[in-house]
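Enquirer: One line per chain: the protein sequences are A and B, in this order. Under our numbering, the first residue of the first sequence is numbered 35, with each subsequent residue one higher. Under our numbering, the first residue of the second sequence is numbered 35, with each subsequent residue one higher.
There are 2 protein chains.
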Amino acid sequence: MKNHPIKPGSKLDLSQCDPGDTGDFEKTTQGKEDAKVVTEKLIGKLDELQERLFANGNRALLVVLQGMDTSGKDGVIKHVMSGVNPQGCKVVTFKTPSAEELKHDFLWRVHQKAPEKGQIGIFNRSHYEDVLITRVHGLISDKVVQQRFNQINEFEELLSESGTCILKFFLHISKDEQKKRLEERINNPEKRWKFNEGDIEERKFWKNYIEAFEAMLSATSTDLAPWHIVPANYKWYRNLVIAQQVVNALENMKLKTPPAPAGINFDTLKIE
Amino acid sequence: MKNHPIKPGSKLDLSQCDPGDTGDFEKTTQGKEDAKVVTEKLIGKLDELQERLFANGNRALLVVLQGMDTSGKDGVIKHVMSGVNPQGCKVVTFKTPSAEELKHDFLWRVHQKAPEKGQIGIFNRSHYEDVLITRVHGLISDKVVQQRFNQINEFEELLSESGTCILKFFLHISKDEQKKRLEERINNPEKRWKFNEGDIEERKFWKNYIEAFEAMLSATSTDLAPWHIVPANYKWYRNLVIAQQVVNALENMKLKTPPAPAGINFDTLKIE
C-alpha cells in the first residue's frame, strides 16, 4: 500500500499524485470488498491499541485531517473511528474562529484542544486553515504565511516532544470527483441539507487552493510530524490508508499492559 | 424489560431493587446471548439516531452515569457507545476537582462540559459526586446537601428547557458483586493495573454510600430528568437496559432528515 508521506523539505507537485490511486487493489467491486476486509481488521486492531494507549496514559495521538470541501474528512471519522471507545477519542471540529478566539494568536484555540495523554485526538480541520483559506483570499501576507509555517512547526515540535505522536493527512481528491460529490448533494433530496452554497464559491479558487496546499504541505512536513497524501477519490481506499497509518503509529509506541500499582502486596490482599 | 425509573418525590429503598435482575432474560448462557442480540440491534439503531441528532443540531442528549466503584460505568461507555461516531459523542470523566475548579461553585466545571446541540454527552461521574463522596465523608453539612439538591434540579431544568434531554443512570450492583470484581482485579495480573487501593477504603463505607445514593436519587429524580436504576450485576443486562433507554430517548425526539437550506433553487443549480 502506498502511503505517500511527504519528504521534509521536498518541493511538492500535487498533479504528480494520483487522487484515484487504489494501490494494490483493483478498482472493481471485488477490489473494494477486499479492501474493506483489510480495513475492518485494522479497525479491530485500532480498538485494542487505543485501549492500551488509554490504560498507559503516557502518550497521545493527534490525527489532523485536511482536504478540499467534500474530500471526506467527516467520512474518515465515521468509518475509521466509529469502532473506537469514545472515552479515549475526542474529535475537535474547527470552524470560523469566534470573536474571542480572534483576539488571540491563531494557535491559542488549537493548543487548548490538543489531546491529553492516553487519548486519540482528531482535528477535523485545524490550524492549517490559517495558512489556507486566509491565504487564498489574500487575508494574510506572504510574510505572515512564512512566519506561521515556522510557528506551526515549532508548536508541533512542542507537542511531539511532550509525548504526542502527530499524524497529518491531506485527503486528495480530483476536481472532477468534487463536482460529482457536490452534484450528489444537490440531486439527492435526502442529502440536500448537507449542501453549503459556500462550497461552490470556494470551488472557483481550486487552483489557488492547490497552490496553497502544495506550499503548506512542503513547508510543514517535518520528521516529527510528516504529512501523508491520501488518495481519496475512492472512499474505501482512503479509509484503508488512514486505518493502516493510525495502527502503525500506535504499534510503533510499543505499548504494553501497564504495571500493577507499586507498594501493594497482591498475594496477601483481602477484600472484606 | 424493567427500566426502574424513579418516580419523582418517592422515597427510595434500594434494598427493594434487585441488582441481579435480568428482566425477561434467563440467567444462562442462552439468556445472555439472546440479550446480546437485542443489544446489538439497539446499538445499530443508536448509531443511526445519533447521526440524525448531529445533522439537525437543535437538540442534545446528556447521559449521566453514577454507581459504586466497579459498577461498570466505563463498561457501559465501551460496550454501548463504541459504535457511535465519535464526532457526535463526547465523554467527560469527572475526577477530583482541580485547585482552580474548587475556587468556583460545584456546578461551574460541569456546566462547561454540558453537550452542545447535536451532540451526545456522556458524564462518567458528574456533579452528583458532590452530594455523595463529600457527604459520606462529612465534608459538607446536611444543609448544604439539601441546597445542592435544589441547585442540581434547577441546573438540570435549565439544560432541559434549553433543548437537552437528560438521562441519568444509577448502576446498581450488590456488595458481593463488587467483592467479586475487586478480587478479579487482584487475582488477574493482566488486570492489576486497574486496581486502586482507594476502592477498598471506600468499600468500608458501603452502607453510608447506599444511604447517600437513596437520598440523592429521591431528591433529584424529576419529571424532566428522572433517574433510572439499572440492575448491573449482569453486565449484558445492564448494557441492554441502557441501550434501550438511550434509543427510546432519541426516538422520542422524532428527528427527521433536516430540510435543505432555504433560498436555493436546486433544480437550476450547476456545478462548473
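Ideal placement from N, C-alpha and C gives every residue a C-beta, glycine not left out.
DSSP state of residue 54 of chain B, grouped into three classes?
Expert: In the structure shown, residue 54 of chain B sits in coil (DSSP, three-state: anything other than H, G, I, E or B).
Enquirer: Rounding to the nearest angstrom, what Cα-Cα distance links residue 196 of chain A and residue 284 of chain A in this structure?
Expert: Each residue's alpha carbon lies about 16 Å from the other.
Enquirer: Over the uninterrupted alpha helix (DSSP H) stretch that includes residue 133 of chain A, give me the two end residues.
Expert: Note, residue 133 of chain A: alpha helix (DSSP H), 133 to 136.
Enquirer: Please classify residue 277 of chain A as buried or exposed, where buried requires at least 16 other C-beta atoms within 10 Å of its C-beta.
Expert: Buried, by the Cβ-count rule.
Enquirer: For residue 160 of chain A, does the count of other Cβ atoms within 10 angstroms reach 16, so buried, or fall short, so exposed?
Expert: Classification for residue 160 of chain A: buried.
Enquirer: Checking 9 Å against the spacing of the C-beta atoms, do residue 201 of chain A and residue 72 of chain A come in under that value?
Expert: No; because the gap between Cβ atoms is not below 9 Å, this pair is not in contact.
Enquirer: Could you tell me the boundaries of the alpha helix (DSSP H) in which residue 117 of chain B lies?
Expert: Note, residue 117 of chain B: premise wrong, no alpha helix (DSSP H); not H, not E.
Enquirer: Note down the Cα distance separating residue 183 of chain A from residue 165 of chain A, rounded to an integer number of angstroms.
Expert: Spanning the two alpha carbons is a distance of roughly 8 Å.
Enquirer: Could you name each continuous alpha helix (DSSP H) segment of 4 residues or more that falls completely within the segment 212 to 270 of chain B, going from the start of the chain to the end?
Expert: Complete alpha helix (DSSP H) runs here, min 4: 231 to 237 and 240 to 254.
Enquirer: Buried or exposed, going by whether 16 or more other CB atoms sit within 10 Å of the CB of residue 50 of chain B?
Expert: Per the 10 Å Cβ criterion, exposed.
Enquirer: Given that a residue counts as buried once 16 or more other Cβ atoms are within 10 Å of its Cβ, and exposed if not, what is residue 256 of chain A?
Expert: By the 10 Å Cβ count, residue 256 of chain A comes out buried.
Enquirer: Does the beta carbon of residue 294 of chain A come closer than 9 Å to any beta carbon on chain B?
Expert: Judged by the 9 Å Cβ criterion, residue 294 of chain A is in contact with chain B.
Enquirer: Return the CA-CA distance between residue 129 of chain B and residue 264 of chain B, expressed in angstroms with no decimal places.
Expert: Distance between the alpha carbons of residue 129 of chain B and residue 264 of chain B: 23 Å.
Enquirer: Do residue 116 of chain A and residue 158 of chain B come within 9 Å of each other at the CB atom, strictly closer than that value?
Expert: Their beta carbons are not under 9 Å apart, which means residue 158 of chain B does not touch residue 116 of chain A by this criterion.
Enquirer: Within 9 Å of any Cβ in chain B, is that where the Cβ of residue 235 of chain A sits?
Expert: No, because no Cβ of chain B sits closer than 9 Å to the Cβ of residue 235 of chain A.
Enquirer: Who does residue 204 of chain A pair with in a DSSP beta bridge?
Expert: A/100 and A/263.
Enquirer: Looking only at DSSP bridge pairs, what is residue 157 of chain A linked to?
Expert: A/98 and A/126.
Enquirer: Here's the rule I'm using: 16 or more other beta-carbon atoms within 10 Å means buried, otherwise exposed. How should residue 62 of chain B be labelled?
Expert: Result: exposed.
Enquirer: By the 8 Å beta-carbon criterion, what residues does the segment 109 to 127 of chain A contribute toward chain D?
Expert: No chain D is present in this structure, whose protein chains are A and B.
Enquirer: Starting from residue 217 of chain B, find everything on chain A with Cβ-Cβ shorter than 7 Å and list it in chain order.
Expert: Simply 305.
Enquirer: According to DSSP, is residue 62 of chain A helix, strand or coil?
Expert: It is coil, neither helix nor strand.
Enquirer: Rounded to whole angstroms, how far is the Cβ of residue 104 of chain B from the Cβ of residue 212 of chain B, which I believe are closer than 8 Å?
Expert: Yes, they are in contact, since the Cβ atoms of residue 104 of chain B and residue 212 of chain B sit about 5 Å apart, within 8 Å.
Enquirer: List the residues of chain A whose Cβ lies closer than 9 Å to the Cβ of residue 229 of chain B, in chain order.
Expert: By Cβ distance, chain A contributes 294, 295, 298, 300 and 303.
Enquirer: Is any beta-carbon of chain A found at less than 9 Å from that of residue 143 of chain B?
Expert: Residue 143 of chain B does not count as touching chain A.
Enquirer: To which residues of the same chain is residue 186 of chain A closer than 7 Å at the C-beta, ignoring the five residues directly before and after it?
Expert: Only 161 and 254 meet the Cβ criterion.
Enquirer: 9 Å is my cut-off, CB to CB: does residue 226 of chain B come that close to chain A?
Expert: It does: the Cβ of residue 226 of chain B has a partner Cβ on chain A nearer than 9 Å.
Enquirer: How far does the alpha helix (DSSP H) with residue 182 of chain B in it extend, from its first residue to its last?
Expert: Per DSSP, residue 182 of chain B belongs to the alpha helix (DSSP H) from 176 to 195.
Enquirer: Mind pulling the chain B residues with CB within less than 9 Å of residue 158 of chain A?
Expert: By Cβ distance, chain B contributes 121.
Enquirer: Looking at the structure shown, is residue 36 of chain A part of a helix, part of a strand, or coil, going by DSSP?
Expert: Residue confidence is low: residue 36 of chain A scores 49 on pLDDT, short of 50, so the model does not pin down where it sits. Its coordinate-derived value is still stated next. DSSP places residue 36 of chain A in coil when its eight states are reduced to three.
Enquirer: With a threshold of 6 Å on Cβ separation, who are the neighbours of residue 54 of chain A within its own chain once the five nearest residues in sequence on each side are excluded?
Expert: So the qualifying residues of the chain are 267.
Enquirer: Excluding five sequence neighbours on each side, which residues of the same chain lie with their C-beta closer than 7 Å to the C-beta of residue 102 of chain B?
Expert: The residues are 207, 212 and 243.
Enquirer: For a cutoff of 9 Å on Cβ pairs, would you count residue 242 of chain A as touching chain B?
Expert: Not one chain B Cβ lies under 9 Å of residue 242 of chain A.
Enquirer: Pick from B/70, B/290 and B/109: whose alpha carbon is nearest that of residue 224 of chain A?
Expert: Looking at the Cα atoms, B/290 is the closest of the given residues.
Enquirer: If the cut is a Cβ gap below 9 Å, which residues of chain A does residue 89 of chain B touch?
Expert: The answer, in chain order, is 227 and 228.
Enquirer: If we count the other Cβ atoms within 10 Å of its Cβ and call it buried at 16 or more, is residue 192 of chain B buried or exposed?
Expert: Result: exposed.
Enquirer: Just to confirm before moving on: does the CB-CB distance between residue 121 of chain B and residue 156 of chain A stay below 9 Å?
Expert: In contact: residue 121 of chain B and residue 156 of chain A (Cβ atoms closer than 9 Å).
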